[in-house]
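Here's the structure we're looking at; comments come further down.
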Amino acid sequence: MKTMQPPAEVSGGLGAMAAWLTGETANPLPTPADRGEQLHKVIDLLRAFPDDPAARWCADGFEAWLKDGHDLQAALGLRPRQGGAYDVPARALPLQRRDAALRDLAATLTDPNKARALVAMVRERHPLILRIEAETCAAPGSTSHIKRILHSTAGD
Numbered sequence: 001m002k003t004m005q006p007p008a009e010v011s012g013g014l015g016a017m018a019a020w021l022t023g024e025t026a027n028p029l030p031t032p033a034d035r036g037e038q039l040h041k042v043i044d045l046l047r048a049f050p051d052d053p054a055a056r057w058c059a060d061g062f063e064a065w066l067k068d069g070h071d072l073q074a075a076l077g078l079r080p081r082q083g084g085a086y087d088v089p090a091r092a093l094p095l096q097r098r099d100a101a102l103r104d105l106a107a108t109l110t111d112p113n114k115a116r117a118l119v120a121m122v123r124e125r126h127p128l129i130l131r132i133e134a135e136t137c138a139a140p141g142s143t144s145h146i147k148r149i150l151h152s153t154a155g156d
């Protein structure tokens with residue numbers, strides 16, 4: 001029985017894993033020390049761009065993490081503040097988009113109490129609210145939360 005071979009152009013991760021899975025290599029999977037060496041190479045590549053603040057930020061964060069080895073999120077400055085569970089990049093963008101969509105929708109409403117009108121739409125599962133939620137995340141059902149959103153700006 002012939003085993004499938006990865007294409008010759010596949011190198012590194014996928015090719016090495018395929019070889020390991022098929023038993024065609026004596027080399028084990030990379031150790032944490034091997035990964036640390038690879039990360040040092042990445043840091044060196046990032047340091048090749050001293051004028052780029054993003055490259056400097058990543059290099060500094062990775063270096064700090066390799067040095068103390070505790071928390072990569074904290075080393076990169078991505079740990080949310082106390083009580084700020086939504087202050088993480090994966091959640092921030094959908095929330096910003098949702099808030100902008102709710103502000104846009106509120107601008108089209110004729111009801112003088114826009115927050116209360118939006119909460120009513122959320123509670124009755126209005127199609128426009130469902131569309132916003134499908135494209136972003138769940139809309140809040142609290143009038144005070146909606147008021148905060150309506151009084152905030154896109155950068156808040």
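Residue numbers (the UniProt record's numbering): 1 to 156. Beta carbons: idealized from backbone N, C-alpha and C, even for Gly.
Run the CB neighbour count on residue 54, radius 10 Å, all protein chains shown included, and call it buried at 16 or more, exposed below.
Position 54 of the sequence shown, counting from 1, holds the residue named residue 54. With fewer than 16 neighbouring CB atoms inside 10 Å of its own CB, residue 54 falls in the exposed class.
Can you give me the C-alpha to C-alpha distance between residue 128 and residue 101, rounded to a whole angstrom?
For the purposes of this step, residue 128 is taken as residue 128 along the sequence shown, with counting starting at 1. For the purposes of this step, residue 101 is taken as residue 101 along the sequence shown, with counting starting at 1. When the Cα atoms are used, residue 128 and residue 101 turn out to be separated by approximately 10 Å.
Going along the chain, which residues of its own chain have a beta-carbon closer than 6 Å to the beta-carbon of residue 47, five neighbours each way excluded?
As a first step, residue 47 must be located in the sequence shown, where it is residue number 47. Taken in chain order, the residues that qualify are 59.
Using a Cβ distance threshold of 8 Å, determine whether the region 104-112 contacts the region 81-93, with at least three qualifying pairs required.
No contact exists between the region 104-112 and the region 81-93.
Residue span of the alpha helix (DSSP H) that contains residue 58, given as start and end
Along the sequence shown, one-based indexing puts residue 58 at 58. From DSSP, the alpha helix (DSSP H) with residue 58 extends over 53-68.
Our contact map puts residue 136 next to residue 98 with C-beta atoms below 8 Å; I'd like the distance itself, whole angstroms only.
Taking the first residue of the sequence shown as position 1, residue 136 is located at position 136. Taking the first residue of the sequence shown as position 1, residue 98 is located at position 98. 4 Å between Cβ atoms; contact.
Length of the line joining the Cα atoms of residue 134 and residue 90:
The residue you call residue 134 lines up with position 134 of the sequence shown. The residue you call residue 90 lines up with position 90 of the sequence shown. The alpha-carbon atoms of residue 134 and residue 90 are separated by roughly 16 Å.
I need the boundaries of the alpha helix (DSSP H) containing residue 36, first residue and last residue.
Numbered from 1 along the sequence shown, position 36 holds the residue referred to as residue 36. Where residue 36 is concerned, the enclosing alpha helix (DSSP H) stretches over 32-47.
Output needed for residue 49: all residues of its chain with C-beta closer than 7 Å, excluding positions within five of it in sequence on either side, in chain order.
What you label residue 49 is simply residue 49 of the sequence shown in a count that begins at 1. Once the five neighbours on either side are set aside, the close Cβ partners of residue 49 are 55.
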